[in-house]
Amino acid sequence: MWLLELRNFSGGLGVRKVEVFNRALLGKWLWKFGREDTHLWRRVIAAKYGLDCGGWMTKKPTGTHGCSLWKGIFSSWDFFNQQVELVAGLGIRIRFWYDNWCGEVPFKARFPLLFACSTSRTTSIAPCLLCSGIGEARSWNFTFVRDFNDWEVEEVLAFFNFIHSKIPAGLDPDSM
């Protein structure tokens, strides 16, 4: 008896799990979209739908007529985005609170109190950094809508202890 999912040389038929294989192929297109800024196909898609998420993705495709190929690829964005960690360089394209750039989860999930109190929830990394001068070290600069209560200080301290060592070098562009 043949086992469907075993490879041919192992006595199977070599049939792959379609859902896993499909998700991998969709992820490949999303990966290429985020990395191939200058390619013609990417520029056409970006012009048609507009850019979002710092240019890593298009805005959500909407339309009542038929279904587009990009709409099907875009449907995997949420899952794909959870699996990808962005690499901060200049910090222009990476959203500080929303994107996964510093560990396994975005800061909005890791520090929900600070996210709720932040004055700039949608900002990229770059505006959160201060530079004293050319060649000087950069430091974080955050503003919050209110002062923190005594019972909230522990989370604030944990945030600043964590983020202190995560200042991007700022020499290269952001990447996926």
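Sequential numbering from 7 applies to the sequence shown in the working numbering. Heads up, the beta-carbon is just placed ideally off N, CA and C, and yes, glycines get one too.
#1: Based on the DSSP secondary-structure assignment, which residues constitute the bridge partners of CYS108?
#2: Cβ of ASP156 less than 8 Å from any chain C Cβ?
#3: Residues bridged to SER187 by DSSP?
#4: Rounded to whole angstroms, what's the CA-CA distance from ILE169 to PHE117? Just pull it up for me.
#5: Does the distance from the C-beta atom of TRP204 to that of LEU92 stay below 8 Å?
#6: Taking the alpha-carbon positions, what's the ARG45 to TYR55 distance?
#7: Based on the DSSP output, what are the partners of ASP58 in its beta bridges?
#8: Could you spell out the range, first to last residue, of the alpha helix (DSSP H) harbouring ARG29?
#9: In this structure, how does DSSP classify ARG144 when only helix, strand and coil are distinguished?
Taking the coordinates as given:
#1: Answer by DSSP bridge pairing: none, since CYS108 is not bridged.
#2: As a matter of chain content, chain C is missing from the structure shown, which is built from one protein chain.
#3: Not covered by the structure: residue 187. The range shown for the chain is 7 to 182.
#4: 11 Å
#5: As shown, the chain starts at 7 and ends at 182. That puts residue 204 outside it, with no answer to give.
#6: A small fix is needed here, since residue 45 is His in this sequence, not Arg. The alpha-carbon atoms of HIS45 and TYR55 are separated by roughly 16 Å.
#7: MET63
#8: 24-41
#9: strand
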